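Reading through the structure tokens given below for one structure.
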Amino acid sequence: MEVEWRGAASGTGKRRRCKRERFHHMIRKLALLLAMLAFLGVAYADTPLSTARKNRETVLWRFFDPVIVDNTIAPFVTSGDVMESYSIDALTYARRWNHGLSEAPIMRLALDNWATDWHTDYKGPEGSTGLEVSAYAHSGSNGNTVGTHVNLYSYGTNNGAALDQGYAVGVVKGGTNGVWGFAGQITDTTHAQPVGETWGMEFDIMANGDDLPVSQYDVSRSNRVFYFLSAKTLTVPAWSAFTSYSASDAISASFRGECGIFKAIVPGRSGASAPPWDSNDVVIDNSVTWSFSEMCQNVVGAGFEFTTDSNSRFNTGIGSSRVTYDNAFIDLALARNNMNVAAGAMIRFPLDGIMDWSADGTAEGKNRHIMFYDRKAGFLYVANNAVRMAIHDDGSIVLPGSVHTGSLVLKGTMQLQPLSRTAILGITTAKEGMMLNDSTDHVPVIYEHGHWYPLKLGHEIAN
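Convert by adding 21 to the 1-based position in the sequence shown; the result is the number in the working numbering.
Here you go:
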């Protein structure tokens, strides 16, 4: 700090020079004190603490010694403030959180996109990006290269608190743009077998101890779910009379026998009674004008969708190995099928889709006992490459082998296989109790004691 004084060399001038020297000496002592405090690890703040506390502002403290010790913030840090330190070869920002503080994040990045030019490629540099992290693993590099690493250490015991989340993404769709809450893409340009265990998008869970026993029968009541899909209908208030509505306000009302959502395109005040919502997609309600938006029902196209082009295939869509299932691999016990919709099937197979009941993880064990539908033969059960049962579309059942049953009740008709007398006598594998119809003599016959005997018929049935 330079101060220029002008005046005659008098007693007054000397006194001014002394004051100026004392002032400079005080500044030098203050600078030295600040340097010593910084060397000892004591922080200084850009904003006075009293002013910050009064205005509920966050103070940024800069430390020259580590404030992160064993993944925890050093205890001497003031609650609510942000600490910047250069520790363990990294720039670190930390905050200790206590009750009653602001829920503002340590750092906030805001992107306000008003671009009107046409862009369609979300991967390219023309996309508007709030934060971009690039990491490169060059040829010959060792160790793991991680683009973004998030660690959450959850030791809280407050049962009423919200769930601790390691990575949270919230997306609100208010327009017609397609949105992705989380988009991950991996491109393989090598055709080389990975040296490591695997590659791809992987979600791991490591746990200790059992889940709630009730989850074996009701997965919605479980404590642990590997991948959870929750589809909920947007909560929209019902229409009310004599209410002021702003533009874009949404209400729900009965629309053609179902629940519909209407949005106000002209603000105003609703009338004494509900307007006829079914009359048109645009409804006049006193001074409010409503426009039909969508139905209230929440219909998701697919929970999991597997897609590929004609040159790619999946060896296994969903698979598991070395896993013991206490309940079921796929449990649809609590699902409800909409019987009013022709496409509402729990499980759908293609026309030649095969269900394999004998797979044991080996090539020899595949397709030894299978069930599938054939457009000509109907529904078939095949064991060891032989058809054991066939159900035709007309309801007839073909059983090439023997049938063992306690009692047999037929609501339709039963017909003994018709064969000529010569064909019956030529059977070499006849067994006791076998019955056929002798088409030569027009009489049922039964095989007993090594011979075929005709069954005696009574009188014909007459009206």
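Positions of the beta carbon are idealized from the N, C-alpha and C atoms, including for glycine.
Every value quoted in this text rests on a predicted model; they were computed, and no experiment measured them.
Give me the Cα-Cα distance between L429 and F203, rounded to the nearest whole angstrom. 58 angstroms
Please name the residue, chosen from S308, P126, D299, that lies closest to R290 on a Cα-to-Cα basis. S308
According to DSSP, which residues form a beta bridge with K284? A271, S312
Which term fits I226, buried or exposed, when burial requires 16 or more other beta carbons within 10 angstroms of its beta carbon? By the C-beta density criterion, I226 is exposed, having fewer than 16 other C-beta atoms within 10 angstroms.
Determine the DSSP secondary structure at D299, reduced to helix, strand or coil. helix
By Cβ distance below 8 angstroms, which residues in the same chain neighbour S267 in space, the five residues on each side in sequence not counted? A285, P288
With DSSP as the reference, please indicate the residues paired to I305 in a beta bridge. T310
What is the DSSP secondary structure of V403, counted as helix, strand or coil? DSSP places V403 in the strand class (E or B) of the three-state scheme.
Since P475 sits in a beta bridge, which residues does DSSP pair it with? Within the DSSP bridge table, the entry for P475 names V466 as partners.
Mapping the DSSP letters down to three states, classify L58 as helix, strand or coil. Because L58 sits at a pLDDT of 48, beneath the cut-off of 50, its placement in the model cannot be relied upon, and the following sentence gives the value as read from the coordinates. The answer is helix: DSSP assigns L58 an H, G or I state.
Only counting runs of 3 or more residues, tell me where the beta strand (DSSP E) segments fall wholly within the region 381-432, in order along the chain. 390-395, 399-404, 407-412
For G292, which option in K387, E279, S275, W260 has the closest C-alpha, if you only look at C-alpha atoms? W260
Where S341 and Y188 are concerned, what is the direct C-alpha to C-alpha distance, given to the nearest angstrom? 26 angstroms
I'd like the list of long-range same chain contacts for I339, defined as Cβ closer than 7 angstroms, with 5 residues on each side in sequence excluded. none
Starting from A444 and walking both ways along the alpha helix (DSSP H), at which residues does that stretch end? 442-446
Nonlocal neighbours in the same chain, by C-beta distance under 7 angstroms from N134, ignoring five residues either side: S149
Which same chain residues, not among the five before or five after R242, have their C-beta less than 7 angstroms away from its C-beta? Cβ neighbours of R242 beyond the five flanking positions: L233, V235, S236.
Suppose you measure from the CA of G196 to the CA of Y176; what does that come to, to the nearest Å? 39 angstroms
For the ligand SAH, is there any heavy atom lying closer than 8 angstroms to the beta carbon of M104? Of the ligands one can find in the structure shown there are none, so the ligand SAH has no counterpart to examine.
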